[in-house]
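Asks: In order, the protein sequences belong to chains R and G. For the first sequence, the numbering used here assigns the number 124 to the initial residue and increments by one for each residue that follows. For the second sequence, the numbering used here assigns the number 1240 to the initial residue and increments by one for each residue that follows. Cβ atoms here follow ideal geometry from the backbone N, Cα and C, with glycine treated the same way. Mind looking over this structure? Questions follow.
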Amino acid sequence: MSAMTYEQAMEEFDPVFGIEVHVELNTRTKMFCGCANEFGAEPNTQVCPVCLGLPGAMPVTNQKAVESAIRLGLALGCSIRESSRFARKNYFYPDLSKDYQISQYDEPTCYEGSLDVVLDDGTVVTVAIERAHMEEDAGKNTHVGGSGGIQGADYSLVDYNRGGVPLVEIVTKPITGMGDRTAEVARAYVATIRDIVRALGISDGRMEQGSVRADVNLSLRPKAVAGESQDDVPFGKRSETKNVNSLRAIERAVHFEAARQASLLLAGQPVVQETRHWHEDTSSTTPGRSKEEAEDYRYFPEPDLLPVQPSREWVEELRGTIPEHPAKMRARLREEWGFSDLEMRDVVAADALVLIADTVAAGTTPQAARKWWMGELSRVANDREVALTALPLTPAAIAELQGLVDSGRINDKLARQALEGVLAGEGSPAEVVASRGLEVVSDDSALEKAVDEALAAQPDVLAKIQDGKVQAAGAIVGAVMKATRGQADAGRVREIILQRAGVEA
Amino acid sequence: MSSLERSDVARLAALARIDMTDADLDRLSGQLAVIVDAVAKVAEVAGEDVPATSHPIPMANIHREDVVRPSLAQDDALAAAPDAEEGRFRVPQILGEEA
């Protein structure tokens, strides 16, 4: 069996793929109990009888999670079922406290949608969505002993803080006809879902923290022969690569699986229908448990939870809250703001789009808003190792700060000092300017006094200016700025110096 | 209506991690088949105009506000655990028992 490349595999076979994306919702509490849904707490401190699966505990659905799931469904163009219900998915795994997961099976809340995905070159691909259903997350296993992985571990430790956290699982229909663009489409699809959940504000959408996770299903089938339609060629056996948790990894997982399966098929060996584990370090997959048939989970309606029957009025109300498609919004804003493609890409990559939009909405020019968020604030966020969105200040504060600069009350240097104060929690920009005494000094008597002192210290400067060396005034401006700790109005200082020299400004 | 086979019972027992001897399977597949057949009688009575019922009482939308309530203390959460370590439930190795 000889190794193949992705490109070779795509020449020999027709790929079919599907993606399951799990979105962790950012509700305050879990799906079925009031335990906090917050990352990073001490193990097993956000648990209760419900999410530990203790006998007799009764789950109750989180209204906010239902709302988020419906909004996500609407953003994906799904129909919202008039009556949907939960089901128990039964299997044994230590991270599943109850030995079943509450999910949805035959009556998911959202079904039959479609999503436009824009590729880098502007090509639009429409992905058909099969369903988006609600379910609960599992706990976290830590494997101890061996190499630290699941293989060869001596035992495992389980933290159920994440158990019961609300998820929405979005399942595509099989995606065909993408050929060698399969990997690119897979990546762009997940990126679009991530952008949508962020725009909806229902999840922080951080793949690196696992709040958006993808499973990639891929199979290969022979290319249609002459006179045959590709649609008539049956699908091949598929693999399901679990927990591919970055956009780059999605592309690589498609590359690896396509090449692996093509090598097997060309060597006359079968592809086994199975779950595979993704390994980030080697960009490869290894077999996991073989894919259980659906009935092995023995789904049945969850008797402890009542059906979800959202009124049509509520659904329409929620439909009114759905933001513009992220790709359309990016194109519109780029146009409105007059940013270059490169500037826009940087803004999007820095997760600054919404911040800049909100700053502009608060009255700042797009250029000034971009300068703050992509300049000083990016630097601060980088120093603090946090996301821009996690900085303790609002777009409105930045707009206020820029307003102070525009009105001439502070200059850029003072604005940076004011920003420091705002970030340190000293108050609004205007409050910090007042409390730290940061206003530009344009009061002539104060400036004249400072100029005269500087001229006295450098007596030869006036003569130089009178000789026509006007640039010599720079030394005095510098001295005045230093004496006033940067708060002097530099233009006015220059005027006063030239007046003192008897030279026209 | 086909009844429950012995092999079905063996498979369900395996999925539910219940050890069953041959004698258990013989005895229980007979008993369970009687129960399943009895329940199946409902299908004979219900016409096509009667939808399958998962929740007999006509209630829906019993939701909870998204408000945090106190959780258990870690010690209490782990009190019934057969084994615990570093604030976590300790469980036997996972892959070893998988086929």
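#1: Who does alanine 337(R) pair with in a DSSP beta bridge?
#2: May I have the straight-line CA-CA distance separating valine 477(R) from asparagine 534(R), to the nearest angstrom?
#3: Hey, does serine 1268(G) have any beta-carbon neighbour from chain R nearer than 9 Å?
#4: When Cβ atoms are compared, which residues of the region 436-456 of chain R fall closer than 8 Å to chain G?
#5: Between the C-alpha atoms of aspartate 239(R) and threonine 249(R), what's the straight-line distance to the nearest angstrom?
#6: With three or more C-beta pairs closer than 8 Å as the rule, is the region 168-182 of chain R touching the region 124-144 of chain R?
#7: Check whether the Cβ of proline 410(R) lies closer than 9 Å to any Cβ atom in chain G.
#8: Does chain G have any CB closer than 9 Å to the CB of serine 558(R)?
#9: If we define contact as Cβ-Cβ less than 9 Å, is threonine 398(R) a contact residue for chain G?
#10: For a contact meaning CB atoms closer than 7 Å, what does arginine 1245(G) contact in chain R?
#11: Name the DSSP beta bridge partners of glutamate 263(R), please?
#12: In three-state terms, what does DSSP make of histidine 378(R)?
#13: Determine the burial state of arginine 1308(G): buried for a count of at least 16 other Cβ atoms within 10 Å of its Cβ, exposed for fewer.
#14: Can you check whether the CB of arginine 211(R) is closer than 9 Å to the CB of glutamate 543(R)?
#15: What are the start and end residues of the beta strand (DSSP E) that includes lysine 212(R)?
#16: Give a yes or no on whether 9 Å exceeds the smallest Cβ distance from threonine 364(R) to chain G.
#17: So, at 7 Å on beta carbons, what are the nonlocal neighbours of alanine 188(R) in its own chain, with the 5 sequence-adjacent residues on each side left out?
#18: Does the beta-carbon of alanine 504(R) have 16 or more other beta-carbons within 10 angstroms, so that it is buried, or is it exposed?
#19: Give the DSSP-derived three-state secondary structure of arginine 435(R) in the structure shown.
#20: Note down, one range per segment and in chain order, each alpha helix (DSSP H) of at least 4 residues found wholly within the region 469-540 of chain R.
#21: Our contact map puts leucine 527(R) next to alanine 538(R) with C-beta atoms below 8 Å; I'd like the distance itself, whole angstroms only.
#22: One question on the structure: do alanine 485(R) and glutamate 523(R) come within less than 9 Å of each other, judged by their Cβ atoms?
#23: At the level of alpha carbons, what is the spacing between arginine 1327(G) and tryptophan 401(R)?
#24: Using a Cβ-Cβ cut-off of 9 Å, state whether alanine 1285(G) counts as contacting chain R.
#25: When you compare the CB of serine 279(R) with every CB in chain G, is at least one pair closer than 9 Å?
#26: Which residues of chain G have a Cβ atom closer than 7 Å to the Cβ of aspartate 282(R), listed in chain order?
#27: Per DSSP, what kind of secondary structure is alanine 1293(G) in: helix, strand or coil?
#28: The region 1289-1315 of chain G: which residues have C-beta closer than 7 Å to a C-beta of chain R, in chain order?
#29: Can you say whether threonine 184(R) is buried or exposed, counting buried as having 16 or more other CB atoms within 10 angstroms of its CB?
#30: Tell me the DSSP bridge mates of valine 241(R)?
#31: Could you compute how far the alpha carbon of glycine 359(R) sits from the alpha carbon of lysine 263(R)?
#32: Tell me the DSSP secondary structure of arginine 399(R) in three-state form.
#33: Listing by chain order, which chain G residues have their CB less than 9 Å from the CB of arginine 421(R)?
#34: What did DSSP end up calling methionine 127(R) once you bin it into helix, strand or coil?
#35: Beta-carbon within less than 6 Å of alanine 306(R)'s beta-carbon, same chain only, minus the 5 sequence neighbours each way: which residues are those?
#36: Cα separation between glutamine 540(R) and glutamate 562(R)?
Replies: Let me spell this out:
#1: Alanine 337(R) is bridged to Val144(R), Val367(R).
#2: Rounded to whole angstroms, the separation of the alpha carbons of asparagine 534(R) and valine 477(R) is 26 Å.
#3: It does not; no Cβ of chain R falls within 9 Å.
#4: For the region 436-456 of chain R, which is checked against every Cβ of chain G, not one residue is closer than 8 Å.
#5: About 4 Å.
#6: Fewer than three pairs of CB atoms, one per stretch, sit closer than 8 Å, so the region 124-144 of chain R makes no contact with the region 168-182 of chain R.
#7: No, proline 410(R) does not count as interfacial toward chain G.
#8: Cβ-Cβ to chain G under 9 Å: no for serine 558(R).
#9: It does not: the Cβ of threonine 398(R) has no partner Cβ on chain G nearer than 9 Å.
#10: Using a Cβ-Cβ cut-off of 7 Å, arginine 1245(G) is close to nothing in chain R; its nearest Cβ partner there is about 18 Å away.
#11: For the record, residue 263(R) in the displayed sequence is lysine; it is not glutamate. According to DSSP, lysine 263(R) bridges with Asp282(R).
#12: Histidine 378(R): helix per DSSP, three-state reduction.
#13: Burial call: exposed.
#14: No, these two residues do not count as a Cβ contact at 9 Å.
#15: It spans 210-213 - the beta strand (DSSP E) in which lysine 212(R) sits, taken as one unbroken run.
#16: False, the Cβ-Cβ gap to chain G never drops below 9 Å.
#17: Contacts found: Leu148, Thr150, Met154, Met257, Pro289.
#18: The residue in question, alanine 504(R), is buried, as its Cβ has 16 or more Cβ neighbours within 10 Å.
#19: Shown here, arginine 435(R) sits in a helix according to DSSP, grouped into three states.
#20: Runs of the alpha helix (DSSP H) inside the region 469-540 of chain R: 476-484, 489-494, 500-507, 518-529.
#21: Yes, leucine 527(R) and alanine 538(R) are in contact; Cβ-Cβ is about 7 Å, under 8 Å.
#22: A contact, by the Cβ cut-off of 9 Å.
#23: So the alpha carbons of these two residues sit roughly 26 Å apart.
#24: Closer than 9 Å: no.
#25: Closer than 9 Å to some Cβ of chain G, the Cβ of serine 279(R) qualifies, so yes.
#26: Ordered by position in chain G, the residues that pass the 7 Å Cβ test against aspartate 282(R) are Arg1327.
#27: In the sequence on display, residue 1293(G) carries serine and not alanine. In the structure shown, serine 1293(G) sits in coil (DSSP, three-state: anything other than H, G, I, E or B).
#28: Within the region 1289-1315 of chain G, those residues whose Cβ lies closer than 7 Å to any Cβ of chain R are, in chain order, Ser1293, His1294, Met1298, Ala1299, Asn1300, Ile1301, His1302, Arg1303, Glu1304, Asp1305, Val1306, Val1307, Arg1308, Ser1310, Leu1311, Gln1313.
#29: Buried.
#30: Val247(R).
#31: Glycine 359(R) and lysine 263(R) have their alpha carbons spaced roughly 34 Å apart.
#32: Here arginine 399(R) sits in strand by DSSP.
#33: Against arginine 421(R), the close residues of chain G are Leu1251, Leu1254, Ala1255, in the order they occur along the chain (beta-carbon pairs closer than 9 Å).
#34: In the structure shown, methionine 127(R) sits in coil (DSSP, three-state: anything other than H, G, I, E or B).
#35: Closer than 6 Å at the Cβ level, and outside the excluded window around alanine 306(R), lie Glu374, Val377, His378.
#36: Glutamine 540(R) and glutamate 562(R) have their C-alpha atoms some 11 Å from each other.
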